[in-house]
Each structure stands twice: as structure tokens, then as C-alpha cells.
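Before any comments, here is the structure.
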Amino acid sequence: MKRVHVAAAVIRGVDGRILLARRADTQHQGGLWEFPGGKVEADESVASALTRELQEELGIQVITARPLIKVQHDYPDKQVLLDVWEVSAFTGEPHGAEGQPLEWVAPRDLLNYEFPAANAPIVAAARLPAEYLITPGELETPTLLRGIQQAIAGGIKLVQLRAPNGYDPKYRDLAVDAVGLCAGKAQLMLKGPFEWLGDFPAAGWHMTAAQLRKYASKGRPLPKDRWLAASCHNAEELALAQMMDVDFVTLSPVQPTQTHPDAQPLGWEQAAELISGFSKPVFLLGGVGPAEREKAWEAGAQGVAGIRAFWPEV
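What follows is the structure in C-alpha cells.
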């Protein structure tokens, strides 16, 4: 079966909303919503194909675009490789040049639209930021909460409340406060036993590699409207994360770190190789920070995650 190579775009307006188009009923996966784009011709680069397709379909000229995610998906009747770029600046007024209905949608509302199955990771990538803050584990509660507040005020949109000690009642109390701080401003990811899932309905869950190994065969423990993530370090754990249908992962360590000095770093080349075989958003972690964000994008990642590099001076 031939794999069809498609260039697709997550087009963001100045207000942050994303442009969707509806597929004609006569097309493959007809009637569903999609991110605009089209087939990459044999002699074309992805960037050229994207520019051409968006000009033909929407009448716009791309000014600023970057790779966002690659998704390989096998339908019963065809295989597709979706090469997705984020378009953050363009000229022209988008219109359905081929008669297709268009709609500008807030990222949080994307879950209300029906997409082809291959688009699920793109929807996740479009809703996720490029930076993922992991809180330090050794701070006193007031300092920790103050730091989270400052980080959110500074623009952080995704926060993991790190839990070094498993079933810790102090962590649960801290989680209640963190939920309040993040409400309506940032997405909070908690860690801990699955028995706690029901107590924090607004939070997503970030699984340890040990939880991933233990529960992967049991399937996803959360509904699709709650974020599920996992910590991965190798191809085997990425395969388990795929099996469990997580929404995103951290992949670490990319470079040597102070927190895990004995861990063997993957290096940029191996990290990029692992990402290329994994069709979900990946945050690179370990010795990286905001300065490495563009390098992470080039490696195929959603962005970068970290503790020290993102933690404000409190």
C-alpha cells in the first residue's frame, strides 16, 4: 500500500484561533473537519507544497511557518504521512477557494469538532504550548506556590506538579492549591496513583515510566477530554505510550543534567530518531531550556520541558 505524503497547516490567527476546513462529502473521510493542506508532489519540499496548497485552497501567502508534528497513520484503504507545520503569519484573507466551509476555532474548542482519526495527535499539538514547566521537588509549599503563580504570570501554560514521593498526603494538599492557581490560566498535570484521578477532575495526569510499564496493556485510564502524558526514555517506553493512547510524552535526558547525573544522555541525533517513529507530541527534557526550543522543533519535538530553566526566581 502506497503512503501518501501530505503537507498540512495549523494556521493561527492573531487572536490565537485556528483555521479549520470541512472536507467535501465526496472526499476520503468526507464531511469531517481538517487542517488545510494537500499532497506533496514528488519533486517538492514540504514547505513548498504547503505554500502552494494554502495559496490554492485558501488564497493566502505564508510568511512564517515552522514544523509542528509528523503523524503516520494507516487507514484500511490508505497510509498517510501528515507533515504538519504551524503557520503563524500570512497575508491575504482566507476563503474556501474550492467551495469548502471554513471556521476559526479556539484551541480549547477543537475537541468539539470531528476529525479523521489521523488528526488526533495534530489536535493535541495545536492545543499544547512549546514549553512545559516541571516544578522543583525540594521547595517549601509557600515558595512552590509562589513560583507557580509567577511562572503562569510570565506566560507558562503547562505545569507539572512534580511528586518525588508517591503516595504523599502533603502532595495531595499541594495539588488542591495548584489546581486553584492554574484554573483558567494554565493546564496542570499531576502525578501519583490512579486512585487519585477522580479527586482532581480539572487536572491532567503525567505517568511515570514505571506506571506506563505496569498499566499500558490496560489502556487509557482517562477520558479524551483530560490530558494524559508519560515520561519516556527509549523506544520501548514510547511504544507503550502509543499503546496507552497518551496525548503527549516527555523524552529524556537529551543532555546531561544535575538531577540525574548518572543517566546516559540520548543526544540530539538519537532524540530526533526516536521522535521520527512516534506520532504524538514530544517535549524534550534534560539539560534543555528556552534557548533550545528551536533546536527541539527541528528535531521534530513539540518543544522543551524542564525544571531549572523555566523556574522563576522566587
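Start counting the sequence shown at 1; every next residue gets the next number (my numbering).
Glycine is no exception: its CB is placed at the ideal position from the N, C-alpha and C atoms.
These figures come from a predicted structure and were not determined experimentally.
CA-CA distance, proline 142 to isoleucine 69, rounds to 38 Å. The shortest C-alpha to C-alpha distance from methionine 189 to any of Pro169, Val249, His233 is the one to Val249. In chain order, Arg293, Gly303 place their CB closer than 6 Å to the CB of alanine 130, counting only its own chain and leaving out the 5 sequence neighbours on each side.
The beta carbon of glutamine 100 sits closer than 8 Å to those of Ala21, Arg22, Arg23, Ala24, Glu57, all from its chain and outside the five residues before and after it, given in chain order.
Isoleucine 63 sits away from alanine 47, with the two beta carbons spaced by 9 Å or more. Secondary structure of phenylalanine 35 (DSSP, three-state): coil.
In this structure the stretch 141-156 does not touch the stretch 112-121; the number of beta carbon pairs closer than 8 Å is below three. The DSSP-derived three-state label of phenylalanine 194 is helix. Less than 9 Å divides the Cβ of glutamate 298 from the Cβ of alanine 272. Within the same chain, Lys39, Lys78, Gln79, Val80, Leu81 come within 8 Å of valine 4 by CB-CB distance, once the 5 residues on both sides are set aside. Look at isoleucine 18 here: in three-state DSSP terms it is strand. In its chain, beyond the 5 residues on either side, Trp85, Val87 have a beta carbon closer than 6 Å to the beta carbon of alanine 65. Scanning the stretch 159-230 for uninterrupted beta strand (DSSP E) segments of 3 residues or longer gives 187-190, 204-207, listed from N- to C-terminal end.
By the C-beta density criterion, alanine 230 is buried, having at least 16 other C-beta atoms within 10 angstroms. The criterion of a C-beta distance shorter than 9 Å is not satisfied by glutamine 160 and lysine 185. Assignment of glutamate 131 by DSSP, reduced to helix, strand and coil, places it in the strand class. Here the C-alpha atom of tryptophan 33 lies approximately 7 Å from the C-alpha atom of proline 116. Rounded to whole angstroms, arginine 108 and arginine 226 show a C-alpha spacing of 12 Å. No Cβ-Cβ contact shorter than 9 Å links leucine 240 with alanine 301. In the structure shown, the three-state DSSP call for leucine 139 is coil. Of all alpha-carbon atoms in Leu128, Ala120, Lys170, the one lying nearest the alpha-carbon of glutamate 140 is that of Lys170. Between the beta-carbon of leucine 228 and that of aspartate 199 there is about 16 Å, and that puts the pair past the 8 Å contact cut.
Aspartate 43 has its alpha-carbon roughly 43 Å from the corresponding atom of glycine 204. One thing to note: leucine 19 has its Cβ within 9 Å of the Cβ of valine 105. With at least 16 other beta carbons inside 10 angstroms of its own, histidine 206 counts as buried.
Cα atoms of glutamate 195 and histidine 95: separation of roughly 48 Å, rounded to the nearest angstrom.
Where alanine 239 is concerned, the enclosing alpha helix (DSSP H) starts and stops at 235-243. Annotated three-state conformation of alanine 271 is helix, per DSSP. With contacts defined by Cβ atoms closer than 9 Å, valine 6 and serine 279 do not form a contacting pair. Beta-bridge annotation (DSSP): threonine 91 is paired with Gln61.
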